[in-house]
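Data first, discussion second: the structure below is written as structure tokens.
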Amino acid sequence: MSHAIPLRISQLIKPRTRLEEIFLDILVRIFALIPIGALSFIMFKIIQKGAGVITWEFLTQPPLDGMTHGGIFPCIFGTFAITLLMILMALPLGVAAAIYLVEFAGPGLFFRITRAAVNNLAGVPSIVFGLFGVGFFILFVGRNLDKVLQTGLLFGQPCMLWAAATLAVLVLPVIIVSTEEALNAVPQSQRAASLALGATKWQTIWRVVLPQARGGILTGAILSISRGAGETAPILFTGCAYFLPRLPVTKLFGVIPMINPFDQFMELSYHIFIMATQSLDAVKTLPIQYGTTLVLIAMTFLLNLAAISFRVHFRKKMGTVSV
Amino acid sequence: MDHKLFKKDVHWGEWLIQKALLLAGISSILIIALIFIFLFREAVRFFHTGTPMDLIGKWVYDDWEERNVFTMMWQSISEVPKYSLIPLICGSFLVAFPATLISAVLGIGCAVYLSEIAPYKVRETLKPALELLAGIPSVVIGFVMLAFIATFVQDLFHTKFRLNAFVGSLGVSLAVLPIMITISEDAMRAVPKELRDASYALGASKWQTIFGTVLPAAVSGISAAVILGFGRALGETMIVLMATGNAALVTGNIFSSVRTMTANIAAELGSVAQGSEHYYALFLVGAVLFTFTFVLNLFSEIVLSKMRQKLRM
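Sequence order for the protein chains is A and B. Heads up: the first sequence at position 102 corresponds to 150 in our numbering, and the numbers run straight through without jumps. Heads up: the second sequence at position 260 corresponds to 299 in our numbering, and the numbers run straight through without jumps.
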């Protein structure tokens, strides 16, 4: 009797031999090794070819001799500058959006539409963001600002400001999603306690919820910096330059040095692309390509590693252990 | 009295903050809408000079055959500019289909391992590694394809072109793999443990449970992952720009050089006069691409939210 049911079920589902089970076990293990293998292969190859190129001069000198020698300092500077501008724009907006979604919007239609919009935004091709940057930021916002402010051609041209704005739009979903997750992890009882003590809703958010969500927000910020630093397509036409003889800096009131958001800039990922595909002598510049790729990949790798370990740390603190 | 005044102030401030937050909350809806508007605004201007038929092909006089021939080409810089979308769409699909296929097979297998087989420790090591893979900039994958893999593939298959659709789709599948694994693993882990237990209790083995219970229960989430992955593969830019050779051909040969919609925009927008027919044609390509990915994203979003609702029940 006790054998009857198993027999019938295993007749329904195609019975598999022990050998097939072992084969499948091994197969999925190999599948699981492939992403790891690919990651290791990329890291190994880039380090192997690029490590010899990295010298102090390479990191601190501008390109020389028609970009065949010298370093990549302007690219490193440009990458830092643009990701800084980007995060300054994206972080407040993204965090505010997430606060609204979690703390104010109920689980109604608005929430579902916003949810769908955020997910859809995350799936928009990066080159479409590039087109959007040109069509909206430069030609619409920029040109109209120039008309209204009578600034000639200051806003209506590709520059770091619009490149950073385009990247900010691109990383917005990353920040919203990770902030939402961080806010949701704060126990509801703490909000209730704060409200019961007479605090207003905003005081509760500002003093009770946000301090605890800091870790998760930080993780999202780091992830989006890494994402922004690696993106190329959105900045192709919104402000990136093949070569600039100067750094995009200016002096505020003639004294305080600051990033010039109205200048074009050189950038690491664009530098890799342009050197690998469009330099006059791609073989001669190979060491530079490897070196630049190593610098970029080291940067994004470390940022991601930091974000992951931050998240593990904060989740442990919040009591949820899974990665 | 002071107390009352204070309270009123706070309420006014709270109201303002809430409205500001609402504004931020709708930002993503607003941005999606703006992308729609500004892509299509430029795209429809193509039809001031061009016709919808131009997007398929043009009758062009052929000197060799000495008669008019219907050509489906993207040839923006020529005496008679041709803006046929057929070779670009063909190229996009010739890269995205194999890439989705490869990453779906690998990704679902990987997800099965992570969700059903891997011990806790292995899982906790593999997941961050996947995130690190996802964090590799696409330009780096493109560079690796260009510098190392392309020659290897050419030696292996003796292809005519060193850079071709297959090399591109290998790179793209690597870029799509992490998201494919993550979503399908989530779907499998969302399958209630009771179902597995019931299957085991009926005497099914581990793999019988996986094929008979877990995969059927997670099928909607897995298909959402595949659809989403396909959308990502269509939209991938830098890898295909660097690794597919960029020749706009109408072909079904995976070892042929192709030019995708994304690569076409990236390669040409930099050198085009704003307001020209060519410029609007590129926005039109962008609009078509955006429509494709938007529909795919929306579709997978609907499938996923249906699944979430079902599981909540």
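Backbone N, C-alpha and C define an ideal beta-carbon position, used for all residues, glycine too.
Contact with chain A by residue i, beta-carbon distance below 8 Å
i             : result
residue 143/B : no
residue 123/B : no
residue 281/B : yes
residue 246/B : yes
residue 340/B : yes
residue 309/B : yes
residue 256/B : no
residue 206/B : no
residue 182/B : yes
residue 336/B : yes
residue 149/B : yes
residue 67/B  : yes
residue 276/B : yes
residue 152/B : yes
residue 118/B : no
residue 233/B : no
residue 139/B : no
residue 260/B : no
Cβ shell of residue i (< 6 Å), same chain only, five flanking positions each side left out
i             : result
residue 339/B : 263, 266, 267
residue 121/B : 97, 112, 114
residue 342/B : 259, 263
residue 130/B : 297, 298, 299
residue 208/B : 134, 137, 138
residue 281/A : 174, 175, 178
residue 170/A : 221
residue 224/A : 142, 145, 146, 166
Beta carbon proximity, residue i to chain B, threshold 8 Å
i             : result
residue 17/A  : Given that chain A is displayed from residue 49 to residue 371, the structure contains no residue 17/A and the question cannot be resolved.
residue 83/A  : yes
residue 229/A : no
residue 262/A : no
residue 317/A : yes
residue 226/A : no
residue 326/A : no
residue 373/A : Residue numbering for chain A in the displayed model covers 49 to 371; residue 373/A lies beyond these limits and cannot be assessed.
residue 289/A : no
residue 219/A : no
residue 232/A : no
residue 344/A : yes
residue 278/A : yes
residue 238/A : no
residue 341/A : yes
residue 285/A : yes
residue 87/A  : yes
Close beta carbons around residue i, own chain, < 7 Å, minus the five adjacent residues each side
i             : result
residue 194/A : 200, 201, 202, 203, 204
residue 112/A : 118
residue 189/B : 201, 202, 206, 282
residue 74/A  : none
residue 212/B : 138, 141, 142
Residues bridged to residue i (per DSSP)
i             : result
residue 313/A : 288/A
residue 114/B : 121/B
residue 108/B : 99/B
residue 118/A : 111/A
residue 305/A : 299/A
Contacting residues, own chain, Cβ-Cβ under 8 Å from residue i (five flanking each side not counted)
i             : result
residue 124/A : 107, 316, 343
residue 196/B : 205, 294
residue 274/B : 301, 328, 332
residue 51/B  : none
residue 55/A  : With a pLDDT of 45 at residue 55/A, under the threshold of 50, the modelled position of this residue cannot be trusted; read the value that follows with caution. So the list is empty, once near-sequence residues are dropped.
Proximity test, residue i beta-carbon vs the ligand PLP heavy atom, cut-off 7 Å
i             : result
residue 209/A : Inclusion of the ligand PLP in the displayed structure is not the case, the ligand content being empty and no account of it being possible.
Inset, instruction - Name, going along the chain, the residues of the stretch 241–254 of chain A whose beta-carbon falls closer than 7 Å to a beta-carbon of chain B. - result: 248, 249, 250
**Those runs of the beta strand (DSSP E) which lie wholly inside the stretch 64–103 of chain B and span at least 3 residues** = 97–101
task = Could you tell me which uninterrupted beta strand (DSSP E) segments, each at least 3 residues in length, are contained entirely in the stretch 182–210 of chain A, listed from first to last along the chain?
result = none
| message | Beta carbons nearer than 8 Å to chain B: which residues of the stretch 189–208 of chain A have them? | response | none
Problem - Sequence ranges, alpha helix (DSSP H) only - wholly within the stretch 243–306 of chain B, length at least 4 - result: 245–248, 258–274, 277–282
Practice problem: Could you pull out every unbroken alpha helix (DSSP H) segment of at least 4 residues lying fully inside the stretch 210–246 of chain B, listed in chain order? | Solution: 232–240
* Return the residues of the stretch 97–126 of chain A that lie within a Cβ-Cβ distance of less than 9 Å from chain B, sorted by chain order. => 97
Item to complete: Report the residues of the stretch 64–77 of chain A with a CB closer than 8 Å to any CB of chain B, ordered along the chain.
Response: 64, 68, 69, 72, 73, 75, 76, 77
Contiguous alpha helix (DSSP H) assignments of at least 4 residues, all confined to the stretch 195–279 of chain A:
208–233, 236–244, 249–252, 258–278
**Prompt:** Taking Cβ-Cβ distances below 9 Å as the criterion, which residues of the stretch 201–226 of chain B are in contact with chain A?
**Reply:** 213, 216, 217, 220
Fill in: Members of the stretch 142–156 of chain A that neighbour chain B once the beta carbon cut-off is set at 9 Å
142, 143, 144, 145, 146, 147, 148, 149, 151, 152, 153
Inset, instruction - Note down, in chain order, all residues in the stretch 162–191 of chain A with a beta-carbon under 9 Å from any beta-carbon belonging to chain B. - result: 162, 163, 164, 165, 166, 167, 168, 169, 170, 171, 172, 173, 174, 175, 176, 177, 178, 179, 180, 182, 183, 184, 187, 188
**OP:** Note down, in chain order, all residues in the stretch 161–176 of chain B with a beta-carbon under 7 Å from any beta-carbon belonging to chain A.
**Re:** 163, 165, 166, 167, 168, 169, 170, 171, 172, 174, 175, 176
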